[in-house]
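Asker: Before I ask anything, here is the structure I am working with.
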Amino acid sequence: MQDVQVLISGIPLNNYIYICAALFGIGALGVMIRRNAIVLFMCIELMLNAVNLLLVAFSSYLGDNSGQVFVFFIMAVAAAEVAVGLAILIMVYRNAQTSDTEVLNQLKW
Amino acid sequence: MSISQYIFWFLSFVALISALMVVFSKSPVYSVLSLIMTFFAIAGHYLLLSAQFLAAVHIIVYAGAIMVLFLYVIMMLNLNKEAEPHKKPYIQIISFVAIGLLMVTLIGTLKEAEAIAPSNIANNVGGIGTVEQLGKVLFNQFLLPFEISSILFLSAMVGAVYLSKKNLQ
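Below, the structure is given as C-alpha cells:
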C-alpha cells in the first residue's frame, strides 16, 4: 500500500509540528484567559487533540503502528475524563450556582 | 503544490481558525460548535495521514459523544450567558507571553525530529492505520492496557453517576 508515501510525501513533518504547537498553544491560552469552567474543559480537549495529531503524524512518518494505538488510549482516557469532569462541574454548579473559576477560589492559598 | 498539500493547508487553516473561535467566542454554545469544526478538521488530517480507523473513532467519540455531553451540560445548566467577565489585563498579557514562549520551546524541541523521519518513510508500506493492522497490534502487543482501559471506563461511569446524585452523603 503506497498511499501513505504518496499522500504525505509533499508535506514536511515540520509542518505538522508547527500546526500542533499552535493548536496546543491556543488551548493553553484558553485555559489561562477564560473564566468559564466549561470553556476550560473544551480548551483541555483542544490540547489533547493537538497531542493526538502529532502522535499520528509521527507514527505515519515513521511507519510504526504504536503511535496510533497510543492515540486510541488517549481518546479512551479523554472520554472518561470528560464524563467525570462534567459530573464534577454539575455538582459544583449545584452547590455554588456558578461556573466562574474566579469565584471558586476556596482552595487558593 | 500537490493536491495533498492544498488539503493540508486548508485543514490546518480551518483547525486553527476554529480553535481560535473556541477560545475567543463569547457564548459557550459557539465555542462548542467551533470545537466540533476543529474536530472534523483534525479527522481530515487523520485521513490525510491514512489513519482511517482513528479518523472514524475520532468522529464517533468526539463529535458523537463528548460534544453531545458538552451541549447537554450547557443547556441543562443554562450557562449560555453572553457577559462573561474577563480576567485582569495583566494576567492576559502574562498568558500571551507565556504561550509564545511555550510554542517557541515546543517547536525548537520537536523540529529536530524531521532529521529522523524521512529516512524511515520508505518503511511505511505495510498499510498502517487500517483496522486490520491496528487490531493486530491492539490485541497482541497492547492487550493488557486495552483490558485495563475497560476498568477505567467502568470506574469513570460509576464516578459520574455517583457525583451527579442529588444528596451526596
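Going down the list, the sequences are from chains A and B.
Using my numbering, read the first sequence as starting at 79 and increasing by one per residue.
Using my numbering, read the second sequence as starting at 3 and increasing by one per residue.
The beta carbon of each residue, even a glycine, is placed where N, CA and C say it ideally should be.
For Ile152 of chain A, decide whether its Cβ has a neighbour in chain B, counting only Cβ atoms nearer than 8 Å.
Answerer: No - not a single Cβ of chain B is within 8 Å of the one on Ile152 of chain A.
Asker: First and last residue of the alpha helix (DSSP H) that includes Ser4 of chain B?
Answerer: Here Ser4 of chain B belongs to no alpha helix (DSSP H), and DSSP marks it neither H nor E.
Asker: Using the rule of at least 16 other Cβ atoms within 10 Å of the residue's Cβ for burial, across every protein chain shown, is Gln146 of chain A buried or exposed?
Answerer: With 16 or more other Cβ atoms within 10 Å, it is buried.
Asker: Assuming contact is defined by CB atoms lying nearer than 8 Å, are Ser109 of chain B and Ile152 of chain A in contact in what I supplied?
Answerer: Strictly speaking, residue 109 of chain B in this sequence is Ile, with Ser absent from that position. No, they are not a contact pair.
Asker: Nearest to Glu180 of chain A by CA position, among A:Arg112, A:Gly105, A:Leu167, A:Leu107, is which residue?
Answerer: Here the closest residue by C-alpha is A:Arg112.
Asker: Should the stretch 63-79 of chain B be regarded as contacting the stretch 46-54 of chain B, the criterion being three or more beta carbon pairs within less than 8 Å?
Answerer: Output reads no: the stretch 46-54 of chain B does not touch the stretch 63-79 of chain B.
Asker: Could you check whether the Cβ of Met110 of chain A sits closer than 8 Å to any Cβ belonging to chain B?
Answerer: Chain B contact via Cβ: present.
Asker: Which residues share a DSSP beta bridge with Asp178 of chain A?
Answerer: Beta-bridge pairing links Asp178 of chain A to A:Asn114.
Asker: Report all residues from its chain with a CB closer than 7 Å to the CB of Val16 of chain B; omit the five preceding and five following residues, and keep chain order.
Answerer: Cβ within range, chain order: Met39, Ala43.
Asker: Say whether chain B places a C-beta atom closer than 8 Å to the C-beta of Asn183 of chain A.
Answerer: Not an interface residue.
Asker: Suppose the cutoff is 7 Å on Cβ atoms and the five residues either side in sequence are ignored; what does the same chain contact list for Val133 of chain B look like?
Answerer: Closer than 7 Å at Cβ, skipping near neighbours: Phe55.
Asker: Hey, is the stretch 157-164 of chain B in contact with the stretch 154-167 of chain A, meaning 3+ C-beta pairs nearer than 8 Å?
Answerer: Output reads yes: the stretch 154-167 of chain A touches the stretch 157-164 of chain B.
Asker: Given this structure, state the Cα-to-Cα distance separating Ser97 of chain B from Leu35 of chain B, to the nearest angstrom.
Answerer: Computed Cα separation, rounded: 25 Å.
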